[in-house]
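Q: Can you keep this structure in mind? I'll have questions shortly.
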Amino acid sequence: ALGDAGLVHVDAGVSEGVVTAGKVDAWLRWQRAVQTLDAGTEVRLRAREEARLLREVGLAPADADLVEAVVAAVVSERKLEKISGAEAMAQFKQRLEELSPEQRAKAEAAMGDPRGKGAAPLVQAETEFGPDAVRVVLAREAEVTAAWDTLLQLSR
Numbered sequence: 681a682l683g684d685a686g687l688v689h690v691d692a693g694v695s696e697g698v699v700t701a702g703k704v705d706a707w708l709r710w711q712r713a714v715q716t717l718d719a720g721t722e723v724r725l726r727a728r729e730e731a732r733l734l735r736e737v738g739l740a741p742a743d744a745d746l747v748e749a750v751v752a753a754v755v756s757e758r759k760l761e762k763i764s765g766a767e768a769m770a771q772f773k774q775r776l777e778e779l780s781p782e783q784r785a786k787a788e789a790a791m792g793d794p795r796g797k798g799a800a801p802l803v804q805a806e807t808e809f810g811p812d813a814v815r816v817v818l819a820r821e822a823e824v825t826a827a828w829d830t831l832l833q834l835s836r
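Okay, here's the thing in structure tokens:
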């Protein structure tokens with residue numbers, strides 16, 4: 681039987697609030713490492729393991745959240761860009777419902793109103809996070825899209 685270890689203070693660094701290629705690389709390494717964890721692990725132990733893995737890749741929790749928010753926005757906008765009209769909205773709404781509440785809030789915040797005003801591709805992500813952050817994520821688009829899709833599958 682496992683006992684409760686209580687609260688643990690983790691100093692994982694200070695976030696600079698800027699998405700860089702290095703942070704995207706670290707986020708991708710973290711996502712690959714998290715996928716190797718046993719899905720049946722007790723929630724608190726899994727959270728500790730995820731935090732340990734995050735420290736190992738050298739990413740502050742705030743930076744991981746920021747990279748994930750930009751990835752969510754870019755991947756969502758790119759996918760919406762590839763499909764159109766009612767089909768796009770139906771798929772988008774369905775995917776949102778499959779997310780955890782925290783991920784859904786991030787995706788909705790990143791996307792704004794998807795019915796929007798017919799804005800050009802990635803304008804919402806660039807407005808929210810800046811064109812440099814979007815460019816950094818797009819440079820690794822295939823990898824971040826695959827990581828995001830896997831993250832969504834695992835959260836079901």
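Numbering-wise, my numbering puts 690 at position 10 of the sequence shown, and it's gapless, one number per residue. Where a beta carbon is used, it is the ideal one built from N, C-alpha and C, also for glycine.
(1) Where does Ala819 fall in DSSP's three states?
(2) Measuring alpha carbon to alpha carbon, tell me which residue in Phe809, Arg836, Ser756 is nearest Pro781.
(3) Determine the direct distance from the alpha carbon of Leu708 to that of Glu823, and round the result to whole angstroms.
(4) For a test of the three-state rule: what should DSSP assign to Leu746, helix, strand or coil?
(5) Under three-state DSSP, which class holds Asp718?
(6) Anyone know if the C-beta pair for Val698 and Ala713 falls short of 9 Å?
(7) Just the Cα atoms here: how many angstroms apart are Arg735 and Ala770?
(8) Just how far apart, CA to CA, sit Leu831 and Gln711?
A: Per the coordinate set shown:
(1) Indexing the sequence shown from 1 puts residue 819 at position 139. Note: Ala819 maps to coil in three-state DSSP.
(2) As a first step, residue 781 must be located in the sequence shown, where it is residue number 101. For the residues Phe809, Arg836, Ser756, the minimum Cα distance to Pro781 belongs to Arg836.
(3) By one-based count along the sequence shown, residue 823 stands at place 143. By one-based count along the sequence shown, residue 708 stands at place 28. Whole-angstrom Cα-Cα distance: 8 Å.
(4) Stepping through the sequence shown from its first residue, residue 746 is reached at position 66. Under the three-state reduction of DSSP output, Leu746 falls in the helix class.
(5) Along the sequence shown, read from residue 1 onward, the residue named residue 718 stands at position 38. Here Asp718 sits in coil by DSSP.
(6) For the purposes of this step, residue 698 is identified with residue 18 of the sequence shown, where counting begins at 1. For the purposes of this step, residue 713 is identified with residue 33 of the sequence shown, where counting begins at 1. The Cβ atoms of Val698 and Ala713 do not sit closer than 9 Å to each other.
(7) Along the sequence shown, one-based indexing puts residue 735 at 55. Along the sequence shown, one-based indexing puts residue 770 at 90. Their backbone Cα atoms lie some 38 Å apart in a straight line.
(8) Mapped onto the sequence shown, residue 831 falls at position 151. Mapped onto the sequence shown, residue 711 falls at position 31. Distance between the alpha carbons of Leu831 and Gln711: 8 Å.
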